[in-house]
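The structure under discussion appears below in the form of structure tokens.
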Amino acid sequence: MNDENTSEKNDEPASDFIRAIIERDRAAGKHGGTVATRFPPEPNGYLHIGHAKSICLNFGLARQYGGRCHLRFDDTNPSKESVEYADAIIRDVQWLGWDWGEHLYYASDYFDRMYECATELIRRGKAYVCELNTEAFKEYRGVPTRPGRESPGRQRSEVDNLDLFQRMRAGEFEEGRYVLRARIDMASPNLHMRDPVIYRIKKAAHHRTGTRWTLYPMYDFAHCLSDSFEGITHSVCTLEFEVHRPLYDWILDALELHRPQQIEFARLNLTYTVMSKRKLLELVESGVADGWDDPRLPTLCGLRRRGYTPASIRDFCRRIGVTKFDGYTDVALLEHCVREELNRTAPRAMAVLDPLKVVIENWPEDRVEELEAVNNPEDAAAGTRTVPFARELYIERGDFMENPPKKFFRLAPGREVRLRYGYFIRCREAIKDPETGRIVELRCTYDPETRGGHAPDGRKVRGTIHWVSASHAHRARVRLYDRLFTAERPDDIAEGEDWKHSLNPDSRTETEVLMEPSLARALPGDRFQFERLGYFFADPVESKPGAPVFNRIVSLKGKAPS
RNA sequence: UGCCCGAUGGUGUAAUGGUAGCACAACAGACUCUGGAUCUGUUUGUCUUGGUUCGAAUCCAAGUCGGGCAACCA
């Protein structure tokens, strides 16, 4: 694992119904007690946090039971897939911290064997070539409440089927002219069993096999065979494949091949975002999102760009559990996971987002003091640094109120607060712009006895606020991210309503911060807690050494100061 | 409407015939040189109706509600 992954608590998840099945199987000696799982993405899009759930489940199962987990690309539809997507998927799974060892596979590597399996099915009278066009096909299939009718091709002889199938492969026919179908049951209440298509003609170049094939297997045929060829023991997939399971079993039984057990679980839904490939693609292509790695997106590359750590995502996936209930997980849990990790690990620094100038009237004009500040109160080993203190400072505008309510513990006329790691200051006067009435400057005095933030007379102040020295402050661009949608469940919309209506217009705000000098040395990829503001990530793409650009990963809990 | 699957506090998830617990969220208090963190406490739950049983979240039946399935996508 790379250094992104060092801070994990290696706890296995609590047991769930899938682990219960596996433990039962192991106890019964099924599959010789071994466990082999797989994560089988189609390389036609980017991975998101929902995939992370599946990845952590499959790889986690293999780790927990001493088995193996394969990364297999389900690349059976060349018109939608590309190596670019495959490369991005590999990068994301690795970043998440998982290792498939030698077990990287492609369904397309099995095309020859699959073709053999199809001809074997024909020989066994369990598959036939069908000449129905799409409309006729649908018509013959029937509807859930009424059985379908048999295709004329269903009675074709083995010899003719073999001949036609071979000619389909040879490229003799146009797309759509023929398909190969499994011969099962046109009256089945499960539509997937009404002689499903298992091969279709598609004259598209494949990103791995080029133009060698003009026909490609359908998911239902390719997937169970790939699992079987690889010796998968437990084929874990999402709920929508539940109705495909009889077909999965039928094909492998018809061919008398090793049959893994398909187990379905509920995919992840997260509040305030969308997860479907289609919607994500639309956000990217319409320009609402700034590419697949837009930090507001739930894509793994988006979360990475935002500053989320792999360990926090793994921790999240461990906590959400695995069931067959299709619910919505509160994004607050994800945020909790990253806060918990970063609270332990992120160095603190001071930065001001919305500056208000403070002049310390009794501080000598040119005096500068270097004050010691703790880098991480949760980690003594993180050490200390110094921050410069001078006559003119900036504090957060929200940390001052002219007419404060009862529970406001920060600066106000006549009130005293502590400047973090600095001195106590008392506000004497708020200077306003005579035209606008806006407060432009605070005139304060400091207590020289309170250096470092301690009062020798033991007097207490309720508020401690962050600050930067005006003349020493560095500027940096910062992006503040908020939830992409205002609706908790953007997918739950009334009919006729556009799911994009609940997009949050304020999901990204660009501004500037004034930072303490140490932050100017931030390197791309560094994470900090800006005290009292939140956790920030030096954007790895836009930051330059000495000129960081920060993304807010997540705010701190609580309301102050903004 | 045909088939399949599901339903436990606001959210997610345990309890596998024997005290309904945990996490997140919310709220309150303690502590605090981050209104952070930490600690303590509180609120809120077994979809409904029957049945089996000494005893049901759990087993059975019916119903209600939710999800999925009718691409030559995966």
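For the first sequence, our numbering gives the first residue as 161, with consecutive numbering after it.
Beta carbons are placed, not taken as given, at the ideal position from N, Cα and C, and that holds for glycine.
Bear in mind the structure is a predicted one, so any value in this text is a computation, not a measurement.
What's the gap between the Cα of residue i and the Cα of residue j?
| i | j | result |
| --- | --- | --- |
| residue 699 | residue 465 | 7 Å |
| residue 531 | residue 400 | 60 Å |
| residue 253 | residue 215 | 8 Å |
| residue 569 | residue 706 | 36 Å |
| residue 496 | residue 324 | 59 Å |
| residue 256 | residue 470 | 5 Å |
| residue 730 | residue 685 | Past the edges of the chain, shown from 161 to 722, lies residue 730, and the structure says nothing about it. |
| residue 361 | residue 276 | 16 Å |
| residue 600 | residue 538 | 36 Å |
| residue 418 | residue 388 | 5 Å |
| residue 669 | residue 447 | 16 Å |
| residue 533 | residue 692 | 15 Å |
| residue 703 | residue 638 | 11 Å |
| residue 251 | residue 357 | 34 Å |
| residue 384 | residue 661 | 40 Å |
| residue 479 | residue 217 | 11 Å |
| residue 335 | residue 708 | 53 Å |
| residue 453 | residue 518 | 39 Å |
| residue 451 | residue 444 | 5 Å |
| residue 690 | residue 219 | 35 Å |
Less than 8 Å between the beta carbons of residue i and residue j, yes or no?
| i | j | result |
| --- | --- | --- |
| residue 549 | residue 529 | yes |
| residue 213 | residue 477 | yes |
| residue 585 | residue 605 | yes |
| residue 498 | residue 209 | no |
| residue 390 | residue 198 | yes |
| residue 578 | residue 587 | no |
| residue 386 | residue 232 | yes |
| residue 509 | residue 676 | yes |
| residue 346 | residue 310 | yes |
| residue 300 | residue 308 | yes |
| residue 322 | residue 369 | no |
| residue 354 | residue 348 | yes |
| residue 581 | residue 512 | no |
| residue 514 | residue 557 | yes |
| residue 207 | residue 459 | yes |
| residue 644 | residue 432 | yes |
| residue 378 | residue 408 | no |
| residue 203 | residue 364 | no |
| residue 382 | residue 274 | yes |
| residue 261 | residue 343 | no |
| residue 423 | residue 181 | yes |
| residue 178 | residue 560 | no |
| residue 420 | residue 350 | no |
| residue 583 | residue 544 | no |
Whole-angstrom Cβ separation of residue i and residue j, contact assumed at under 8 Å?
| i | j | result |
| --- | --- | --- |
| residue 373 | residue 367 | Between residue 367 and residue 373 the Cβ distance is about 12 Å, and since that is not below 8 Å, they are no contact. |
| residue 467 | residue 664 | About 19 Å separates the two Cβ atoms, so there is no contact after all. |
| residue 625 | residue 571 | 7 Å |
| residue 596 | residue 640 | Between residue 640 and residue 596 the Cβ distance is about 25 Å, and since that is not below 8 Å, they are no contact. |
| residue 176 | residue 483 | 7 Å |
| residue 457 | residue 440 | 7 Å |
| residue 687 | residue 502 | 6 Å |
| residue 659 | residue 434 | 7 Å |
| residue 200 | residue 211 | Between residue 211 and residue 200 the Cβ distance is about 11 Å, and since that is not below 8 Å, they are no contact. |
Please classify residue i as buried or exposed, where buried requires at least 16 neighbouring CB atoms within 10 angstroms.
| i | result |
| --- | --- |
| residue 171 | exposed |
| residue 650 | buried |
| residue 264 | exposed |
| residue 138 | Outside the modelled stretch of the chain, which goes from 161 to 722, sits residue 138, for which no answer is possible. |
| residue 195 | buried |
| residue 540 | exposed |
| residue 562 | exposed |
| residue 492 | exposed |
| residue 628 | buried |
| residue 726 | The displayed coordinates of the chain run from 161 to 722. Any statement about residue 726 would go beyond what the structure contains. |
| residue 636 | buried |
| residue 234 | buried |
| residue 547 | buried |
| residue 472 | buried |
| residue 393 | buried |
| residue 463 | buried |
| residue 303 | exposed |
| residue 287 | buried |
| residue 339 | buried |
*asked:* I'd like the ranges of any beta strand (DSSP E) spanning at least 3 consecutive residues and lying wholly in the segment 475-543.
replied: 515-520 and 529-534
*Taking only runs of the alpha helix (DSSP H) that begin and end inside the segment 210-270, which ones reach a length of at least 4 residues, in chain order?*
243-255
*Kindly provide the ranges of any beta strand (DSSP E) runs that are 3 or more residues long and lie completely inside the segment 546-598, ordered along the chain.*
552-556, 576-579 and 584-592
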